[in-house]
């Protein structure tokens, strides 16, 4: 029979299966709907001969459309979503699962919240990631910091020319470290601070001095690029007097320093030649003026040569060696030293004498005096105008 298929009919005749004699199929041998079954998630409805997919959709079991696909309208909602809510309660009611996002429109500008864990009904699982990036800062708005040793204060603006809203300046107490470029400006009373002197620099309000209510107080700190403090200036104005603590300068070469004594508003001035009863004196001046007084010893110098010129701070005792000189050694006293300056001049070697000149002032009424005998000495003191001899030995 070759490769063909043959079948026998009910009369015993044999036929070759083909177009003219197809294989007979009877209903009892066909596949019936009742014979079909399905395992989840597939479902089978023998009555309607349809097949569906079981889902979590509230509407039940979606069915296949005419093309064998599930309709989009019957699909379950997407749980990982970006929602929008106008209140916190509305955000917590969103049917979403982590990770998900929510735009809260009750903020200005709106804030974006992220759901990092389930359930969405727990506010602890939502995290505010901030305002929209498109929202820009107002350059004229006040912004602030919290001082490490003070109170939170808004004190600086962020515009092109930084200026201080002096009505909200902080008050610094105790120790505070300022960085380079900080400058304190004029403060006219605690209640109405005004900009003065240099309005383009950052300013901090300070308290007034202990002067009358119409007084002003300036405080300055400036620094170079290496953050080295250059000058510190504090000036107070009260009752017509100006008290300056330090001269302000970008390149100070020797600022004059004033120390205010607040009990009586007096000042002590650091000078090299004190004259006022309130003046102080430099160390060099004191060393010269009081050398040998109360210190338990005198300063001594040995001199050789034909001439010796003394200064106000020269040692008190001058020992003169005339050896090798042709003439007497000429010693010149300092001109106008501080009153009370004392010198003892003694010839200690050689055969020649010593001539002492007053440098324009008299010595016991004469321009100069001498020491003629070897080992002779003269002790003189300046009285503010002339020299007086207060001791002589073997002269």
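In full-length UniProt numbering, the protein residues as written are 1 to 395.
Don't be surprised by glycine CBs; every beta carbon is placed ideally from N, CA and C.
**Item:** For residue 279 and residue 349, the rounded distance between their alpha carbons
**Value:** 43 Å
**Message:** Going by DSSP in three states, residue 92 sits in which element: helix, strand or coil?
**Reply:** helix
**Asked** Applying the criterion that 16 or more other CB atoms from any shown protein chain within 10 Å of the CB defines a buried residue, is residue 94 buried or exposed?
**Response** buried
**Message:** Please identify the residue among 375, 394 and 364 whose C-alpha is closest to the C-alpha of residue 388.
**Reply:** 364
**Item:** Member of 391, 358, 377 and 369 whose CA lies at the smallest distance from the CA of residue 385
**Value:** 358
**Request:** Note down, in chain order, each residue of its chain lying with its Cβ closer than 6 Å to the Cβ of residue 281, except the 5 sequence neighbours on either side.
**Result:** 274
**Message:** When you compare the CB positions of residue 316 and residue 331, do they come within less than 8 Å of one another, or not?
**Reply:** no
**Asked** Do you know offhand how far residue 113's Cα is from residue 82's?
**Response** 10 Å
**Request:** Determine the contact status of residue 319 and residue 300, defining contact as a CB-CB distance below 8 Å.
**Result:** yes
**Local conformation of residue 161 per DSSP, three classes** = At residue 161 the pLDDT is 43, less than 50, meaning the model places this residue with poor confidence; the figure from the coordinates comes in the next sentence. Reduced to three states, the DSSP call for residue 161 is coil.
**Item:** Spatial distance of residue 221 from residue 304 (CA atoms)
**Value:** Note that residue 221 scores a pLDDT of 42, beneath 50, so its modelled location is shaky; the value from the coordinates is reported in the next line. Cα to Cα, residue 221 sits roughly 53 Å from residue 304.
**Asked** Where do the ends of the beta strand (DSSP E) carrying residue 382 lie?
**Response** 377-382
**Inter-residue spacing [alpha-carbon to alpha-carbon] between residue 391 and residue 277** = 31 Å
**Message:** Could you check whether residue 322 and residue 400 sit closer than 8 Å to each other, using their CB atoms as the reference points?
**Reply:** As shown, the chain starts at 1 and ends at 395. That puts residue 400 outside it, with no answer to give.
**For residue 379, the nearest candidate out of 118, 393 and 22 (CA to CA)** = 393
**Message:** Using C-beta distances below 7 Å, list every residue in its chain close to residue 87, excluding the 5 sequence neighbours before and after it, in chain order.
**Reply:** 106
**Inter-residue spacing [alpha-carbon to alpha-carbon] between residue 405 and residue 111** = In the structure as shown, the chain starts at 1 and stops at 395, and residue 405 therefore has no counterpart that could be examined.
**Asked** Between residue 344 and residue 382, what straight-line distance do the alpha-carbon atoms span, to the nearest angstrom?
**Response** 12 Å
**Request:** Give a yes or no on whether the C-beta atoms belonging to residue 347 and residue 375 are separated by under 8 Å.
**Result:** yes
**Prompt:** Near residue 312, which residues of its chain fall below 7 Å by C-beta distance, leaving aside the five closest residues on each side in sequence?
**Reply:** 288, 334, 337, 338 and 341
**Request:** Could you check the C-alpha separation between residue 103 and residue 84 for me, to the nearest Å?
**Result:** 5 Å
**Message:** Nearest by alpha-carbon distance to residue 97: which of 19, 122 and 361 is it?
**Reply:** 122
**Message:** In the DSSP assignment, the beta strand (DSSP E) including residue 304 goes from what residue to what residue?
**Reply:** 300-304
**Asked** Using DSSP with H/G/I as helix, E/B as strand and the rest coil, what is residue 287?
**Response** helix
**Asked** Quick one, are the C-beta atoms of residue 411 and residue 361 less than 8 Å apart?
**Response** The displayed coordinates of the chain run from 1 to 395. Any statement about residue 411 would go beyond what the structure contains.
**When 283, 308, 17 and 11 are compared against residue 5, the one with the closest alpha-carbon** = 17
**Asked** Excluding sequence positions up to five away, which residues of its chain have a Cβ less than 6 Å from the Cβ of residue 369?
**Response** 356 and 363
**Message:** Suppose the cutoff is 6 Å on Cβ atoms and the five residues either side in sequence are ignored; what does the same chain contact list for residue 353 look like?
**Reply:** 328, 370, 371 and 372
**Which residues DSSP lists as bridging residue 346, in chain order** = 319 and 377
**Prompt:** If we ignore side chains and look at the alpha-carbon of each, how far apart do residue 127 and residue 108 end up?
**Reply:** 17 Å
**Request:** Alpha carbon to alpha carbon, how far is residue 7 from residue 22? Give it in angstroms, no decimals.
**Result:** 9 Å
**Request:** Can you give me the Cβ contacts of residue 377 inside the same chain, cut-off strictly under 8 Å, excluding the 5 residues immediately before and after it?
**Result:** 344, 345, 346, 347, 371, 391, 392, 393, 394 and 395
**Prompt:** Per DSSP, residue 398 forms a beta bridge with which residues?
**Reply:** Here the chain covers residues 1 to 395 and nothing more, so residue 398 does not appear.
**Per-residue DSSP class, three states only, for residue 368** = strand
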